[in-house]
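These protein sequence lines map, in sequence, to chains A and B. Heads up: the first sequence runs through residues 1 to 165, numbered per the UniProt record's numbering. Heads up: the second sequence runs through residues 1 to 170, numbered per the UniProt record's numbering. What follows is a short report on a single structure.
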Amino acid sequence: MVILGSGGHTKEMLDLCAHLDFENKFKPLVFVIAKHDHLSSRKVQNFAEFKNSKVLFVFRSRKVGQSYFSSIFTTLWATLEALLVCAKERPQLLLCNGPGTCIPFCVAARLTSFHCTQVFVESFCRTRSLSLSAKIALFISDYVLVQWPHLAKKYPKCIYEGLLV
Amino acid sequence: MQVKTEFKTVLVTVGTTVFDKLVNAVFSQHVLSTLKSRGCKRIIAQIGNSHLDLSSLPSIEGVEIETYAYKDSIIEDIEKADLTIGHAGAGTTLDVLRCDKTLLVVVNNDLMNNHQLELANSLSEDGYLYQCTPETLAECLQYLDPSQLKPFPKQNKILFATFLDRVLST
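Shown next, in the form of structure tokens:
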């Protein structure tokens, strides 16, 4: 299961996915994307059609600029939805790279499946500090990959393999 | 005197943001004449949802100007251009560097705590691109020297797949 963020995050994730063997190794493939993200959804649908996969549209936990108070409720709602999706799909591998949309899924996958490997890939934009999503992912996900050596030194739990995108 | 690299075709791109300060800066007499002095014959400008009145923008003799709001893929224009003047967006930045093209990132200093700045700073410190602000654009264009830039490392396409194989087999 691949969780897509928005804009640049979606692009990075699709770049990462472009070289994975979905035909033989990683199947069936499910993409999860926030509703109302029209720019990304077109790109994803093209990609998904090509890879013979399913695209699920979900509620977004926090819109840009939304107040922290109201985002408590929307995040709860998003987590509930993520629980339903994960309970149904039972992912064995969860790939995500932030932002907001992915954390409810990391939590939900942990709660619904004991055999799910979670990999969070921090954006190539992050060179000096981790994003909030990545900091949360450090507690939930199995692996947090970063793309700059400096970050792996600063946060020893992160893994640096090189530039991935 | 050493002959400076010519930038015959220049691409300007703001991505999905509104960055009128950059558009305004590019279409100022000062920057246009600097571009012309660097051999520019054609400017392709992707300006997004700009609030500017394009008909009132100044032009300069001998430089063809073409503007549009968006395109699904800007790669073709990047390939055509000898220099890209772009906002600090990660998508644009990566696209240009992957095409092995010269990139000048213009930082939007109106945005505070912009994490894209972090990327532009790191990449320019490492010598992969040039960086300036809308105010220093003309000056930067004058001295810009692509031979001082380092080639950006190629993508290792199997790195992520290899990582996944390793962790999934344990």
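We put the beta carbon where it would ideally sit given N, CA and C, even for glycine.
Problem set entry | Beta bridge counterpart(s) of A/PHE139 as assigned by DSSP | None; A/PHE139 has no bridge partner.
For this session: Compare the C-alpha of B/SER122 against each of B/VAL31, B/ALA88 and B/ASP72 and name the closest.
Result: B/ALA88
For this session: Count the other C-beta atoms from every protein chain shown that fall within 10 angstroms of the C-beta of B/LEU137, then say buried if there are 16 or more, exposed otherwise.
Result: buried
Exercise. Between the region 37-48 of chain A and the region 134-154 of chain A, are three or more C-beta pairs nearer than 8 angstroms?
Worked result: Output reads no: the region 134-154 of chain A does not touch the region 37-48 of chain A.
For this session: Would you list, in chain order, the members of the region 77-99 of chain B that have their beta-carbon closer than 8 angstroms to a beta-carbon of chain A?
Result: GLY89, ALA90, GLY91 and LEU94
Exercise. Using a Cβ-Cβ distance under 9 angstroms, would A/THR101 count as near chain B?
Worked result: no
Exercise. For the region 128-159 of chain A, which residues have a beta carbon sitting closer than 9 angstroms to at least one beta carbon of chain B?
Worked result: ARG128, SER129, SER131, ASP142, TYR143, LEU145, TRP148, HIS150 and ILE159
For this session: Over the uninterrupted alpha helix (DSSP H) stretch that includes A/VAL107, give me the two end residues.
Result: 102-112
Exercise. For B/ILE74, which of helix, strand or coil comes out of DSSP?
Worked result: coil
For this session: Compare the C-alpha of B/LEU168 against each of A/LYS25, A/GLY7, A/VAL107 and A/CYS17 and name the closest.
Result: When each option's Cα is compared against that of B/LEU168, the closest is A/LYS25.
For this session: Below 8 angstroms CB to CB, which residues in the same chain sit around A/GLY162 once its five sequence neighbours on both sides are set aside?
Result: GLN147
Problem set entry | DSSP state of A/PHE50 mapped onto helix, strand, coil | helix
Exercise. With a CB to CB cut of under 8 angstroms and the five nearest residues on each side skipped, what residues in its chain are close to A/SER123?
Worked result: GLY8, HIS9, GLU12, ASN97, GLY98, SER131 and GLN147
For this session: Identify, in the order they occur along the chain, each residue of the same chain with its Cβ nearer than 7 angstroms to the Cβ of A/PHE57, setting aside the five sequence neighbours on each side.
Result: Taken in chain order, the residues that qualify are ILE33 and LYS35.
Problem set entry | Residues of the region 133-153 of chain B whose Cβ lies closer than 7 angstroms to any Cβ of chain A, in chain order | PRO153
Exercise. Which residues does DSSP pair with B/PHE152 in a beta bridge?
Worked result: B/PHE152 pairs with nothing; no bridge assigned.
Exercise. Roughly how many angstroms lie between the CA atoms of A/THR79 and A/SER129, to the nearest whole one?
Worked result: Each residue's alpha carbon lies about 26 angstroms from the other.
Exercise. Cβ of B/ARG42 within 9 angstroms of Cβ of B/VAL14?
Worked result: no
For this session: Specify, as a first and last residue, the run of the beta strand (DSSP E) that A/ARG60 falls within.
Result: Careful: A/ARG60 lies outside any beta strand (DSSP E) and carries neither H nor E.
Problem set entry | Where A/CYS125 meets chain B, residues with beta-carbon distance less than 7 angstroms | ALA90, HIS115, GLN116, GLU118 and LEU119
Exercise. Going by beta carbon distance, what residues of the same chain come within less than 7 angstroms of B/LEU141, once the five residues before and after it are set aside?
Worked result: VAL31, THR34, LEU35 and ARG38
Exercise. Looking at the structure shown, is A/PHE124 part of a helix, part of a strand, or coil, going by DSSP?
Worked result: coil
Exercise. Can you tell me whether DSSP reads A/GLU23 as helix, strand or coil?
Worked result: A/GLU23: coil per DSSP, three-state reduction.
Exercise. In terms of alpha-carbon separation, which member of A/MET1, A/SER6 and A/VAL2 lies closest to B/GLY91?
Worked result: A/SER6 is the residue among A/MET1, A/SER6 and A/VAL2 whose C-alpha sits nearest the C-alpha of B/GLY91.
Exercise. For A/GLU161 and chain B, any beta-carbon pair shorter than 9 angstroms?
Worked result: yes
For this session: Spell out whether any CB of chain A is found under 9 angstroms from the CB atom of B/ALA161.
Result: yes
For this session: Name, please, each residue of chain B whose Cβ falls closer than 7 angstroms to the Cβ of residue 175 of chain A.
Result: Because chain A is modelled from 1 through 165, residue 175 of chain A falls outside the range shown and cannot be assessed.
For this session: List the residues of chain B whose Cβ lies closer than 8 angstroms to the Cβ of A/VAL165, in chain order.
Result: LEU94 and GLN155
Exercise. According to DSSP, is B/ARG42 helix, strand or coil?
Worked result: strand
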